[in-house]
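A short worksheet on the structure shown next.
2 protein chains.
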Amino acid sequence: MPWEKEEKIFEEYLRTKNLKHSEQRKEILYIFLNIDKHLTANELYRTVQRKYPTVGYATIYRTLKLLCECGLCRELKLEDGTTRYEHLYGHQHHDHLICTKCGRFIEVVDPEIERLQEKLVKQHGFYPERHRMELYGVCKRCKK
Amino acid sequence: MPWEKEEKIFEEYLRTKNLKHSEQRKEILYIFLNIDKHLTANELYRTVQRKYPTVGYATIYRTLKLLCECGLCRELKLEDGTTRYEHLYGHQHHDHLICTKCGRFIEVVDPEIERLQEKLVKQHGFYPERHRMELYGVCKRCKK
DNA sequence: TATGATTTTGAAAATCACTATCAAGATAGC
DNA sequence: GCTATCTTGATAGTGATTTTCAAAATCATA
Chain A
4 MPWEKEEKIF EEYLRTKNLK HSEQRKEILY IFLNIDKHLT ANELYRTVQR
54 KYPTVGYATI YRTLKLLCEC GLCRELKLED GTTRYEHLYG HQHHDHLICT
104 KCGRFIEVVD PEIERLQEKL VKQHGFYPER HRMELYGVCK RCKK
Chain B
4 MPWEKEEKIF EEYLRTKNLK HSEQRKEILY IFLNIDKHLT ANELYRTVQR
54 KYPTVGYATI YRTLKLLCEC GLCRELKLED GTTRYEHLYG HQHHDHLICT
104 KCGRFIEVVD PEIERLQEKL VKQHGFYPER HRMELYGVCK RCKK
């Protein structure tokens with residue numbers, strides 16, 4: 004049972020909201036979890052379509068929204084205007100290092116940066132809530 | 004002559020690209036520079052319209068693109084999906100602290116964070132190019 | 001300061017990513 | 001199984017941005 008915990012979280016969320024555990028929802032979660040990549044709604048749509056050719060775009064978006072609500076997924080609005088979705092469960096807070104050539108994503112955390120970010124926010128009299136940080140560069144493979 | 008330098012930069016950019024220095028372009032730059040705020044295309048459009056009621060949306064977008072190209076303006080794609088534009092000339096690199104209640108923007112820089120970001124990128128074998136960091140919180144005025 | 005090649009304009013249509021609508025179908029408590 | 005309720009896919013509708021295009025403006029040259 005590879006995604007037992009995630010499936011349980013989703014089922015539980017649907018139950019508490021009086022929503023139904025449809026075939027499509029099951030399948031979309033499963034396919035989403037099996038792709039270890041930050042994907043766009045369209046990429047997920049095309050992948051799901053291979054198995055369920057009649058699935059609609061709206062169902063993909065609706066299910067992604069549910070997955071975000073129950074904490075299995077995070078939506079990322081990137082600099083270039085695209086929106087990508089990443090697995091959230093089991094991943095602690097992190098930021099991203101992105102290769103500007105090949106688009107590779109690396110999850111990074113630096114506790115010292117986190118600490119300084121919080122300090123900076125407080126220095127300006129703000130109550131800190133969250134942040135986002137994206138670092139862009141050229142990765143080893145693309146550099147040479 | 005309040006925006007002499009900026010106007011010169013724009014004129015020079017247009018000249019090198021064999022583009023024309025139209026009334027609309029002059030006026031949009033002038034109005035943009037006089038609003039000291041991170042504004043949306045629509046906000047700029049409405050402000051320009053008060054003086055030039057026939058100006059089209061497309062001209063606003065086309066001119067903003069030119070201003071970004073010549074380094075007078077920066078486009079910010081925010082977390083909530085909106086796009087805002089800020090003055091760039093004369094402002095050194097900075098990140099943003101944004102109030103989640105009133106939307107207030109504060110420009111911030113922390114040299115120590117900058118240093119650690121670069122270090123982090125290099126640790127992963129990347130050649131650092133740029134980054135973006137947005138800090139979200141509740142400002143003093145909105146907190147009470 | 002007229003000419004004419006080239007660019008720019010505003011209006012409207014097109015595009016893009018995403019959301020809402022709705023009738024038909026699926027789910028699940030009884 | 002029945003039935004209330006939710007979900008679905010298709011389609012239309014958004015809202016922001018871009019493209020298209022014919023008319024108007026710019027500007028180097030005559």
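Residue numbers (the numbering used here), protein chains in the order written: chain A, 4 to 147; chain B, 4 to 147.
We put the beta carbon where it would ideally sit given N, CA and C, even for glycine.
Next item on the list: Please list the segments of the alpha helix (DSSP H) lying wholly inside the region 100-146 of chain A, counting only runs of 4 or more residues, in order along the chain.
Entry: Entirely contained in the region 100-146 of chain A, the alpha helix (DSSP H) runs reaching 4 residues are, in chain order, 114-126 and 143-146.
Next item on the list: Give the residues from the region 101-131 of chain B that approach chain A closer than 8 Å (Cβ to any Cβ), ordered along the chain.
Entry: Taking 8 Å as the cut-off between beta carbons, the residues of the region 101-131 of chain B near chain A are Cys102, Thr103, Ile109, Val111, Asp113, Glu115, Ile116, Leu119, Gln120, Leu123, Val124, His127, Gly128, Phe129, Tyr130 and Pro131, in sequence order.
Check: With 16 other CB atoms within 10 Å as the buried threshold, where does glutamine 120 (chain A) fall?
Finding: Around the beta-carbon of glutamine 120 (chain A), 16 or more other beta-carbon atoms lie within 10 Å, marking it buried.
Check: Name the chain A residues that come within less than 9 Å of leucine 67 (chain B), Cβ to Cβ?
Finding: For the C-beta of leucine 67 (chain B), not a single chain A residue is nearer than 9 Å; the gap to the nearest is close to 14 Å.
Note to self: Contact criterion: CB-CB distance below 8 Å. Does tyrosine 55 (chain B) meet it with respect to chain A?
What the structure shows: No - not a single Cβ of chain A is within 8 Å of the one on tyrosine 55 (chain B).
Note to self: Check whether chain A comes within 8 Å of glycine 2 (chain B), counting only Cβ atoms and requiring the distance to be less than that.
What the structure shows: No answer is possible for residue 2 (chain B): it lies beyond the span of chain B, which begins at 4 and ends at 147.
Notebook entry, point to check: Is glycine 140 (chain A) buried or exposed, if buried means 16 or more other CB atoms sit within 10 Å of its CB?
Noted result: So glycine 140 (chain A) counts as buried.
Check: Under a CB-based cut-off of 8 Å, is glutamate 137 (chain B) close to chain A?
Finding: Output row for glutamate 137 (chain B): interface = yes.
Check: If you run the structure through DSSP and keep just helix, strand and coil, what is glutamate 89 (chain A)?
Finding: Residue state for glutamate 89 (chain A) is assigned as strand, using DSSP reduced to three classes.
Margin query: By the 7 Å beta-carbon criterion, what residues does the region 71-86 of chain A contribute toward chain B?
Written below: Lys80, Glu82 and Gly84: these are the residues of the region 71-86 of chain A whose beta carbon lies less than 7 Å from some beta carbon of chain B, given in chain order.
Note to self: What residue range does the beta strand (DSSP E) around leucine 79 (chain B) cover?
What the structure shows: Boundaries of the beta strand (DSSP E) harbouring leucine 79 (chain B): 76-80, taken from the DSSP string.
Margin query: Using DSSP's beta-bridge definition, name the partner residues of threonine 43 (chain A).
Written below: Answer by DSSP bridge pairing, in chain order: A:Arg87.
Notebook entry, point to check: Going by the CB atoms, is the gap between valine 124 (chain B) and leucine 91 (chain A) shorter than 8 Å?
Noted result: The answer is no: Cβ separation not under 8 Å.
Next item on the list: Starting from tyrosine 33 (chain B), trace the alpha helix (DSSP H) both ways and give me its first and last residue.
Entry: Counting along the chain, the alpha helix (DSSP H) containing tyrosine 33 (chain B) begins and ends at 26-37.
Margin query: Excluding the 5 residues flanking tyrosine 16 (chain A) on each side, which residues of the same chain have their C-beta closer than 6 Å to its C-beta?
Written below: Only Cys73 meet the Cβ criterion.
Note to self: Going by beta-carbon coordinates alone, are glutamate 30 (chain A) and tyrosine 55 (chain A) separated by less than 8 Å?
What the structure shows: Yes, the Cβ-Cβ distance between glutamate 30 (chain A) and tyrosine 55 (chain A) is below 8 Å.
Notebook entry, point to check: Buried or exposed: glutamate 115 (chain B), going by 16 or more other Cβ atoms within 10 Å of its Cβ?
Noted result: With fewer than 16 Cβ atoms within 10 Å of its Cβ, glutamate 115 (chain B) is classed as exposed.
Note to self: Any beta carbon from chain B within less than 8 Å of histidine 134 (chain A)'s own beta carbon?
What the structure shows: Yes - at least one Cβ of chain B is within 8 Å of the one on histidine 134 (chain A).
Checklist line | Inter-residue Cα distance where the pair is phenylalanine 35 (chain A) and cysteine 71 (chain B) | finding: Inter-residue distance for phenylalanine 35 (chain A) and cysteine 71 (chain B) is about 37 Å (C-alpha atoms, whole angstroms).
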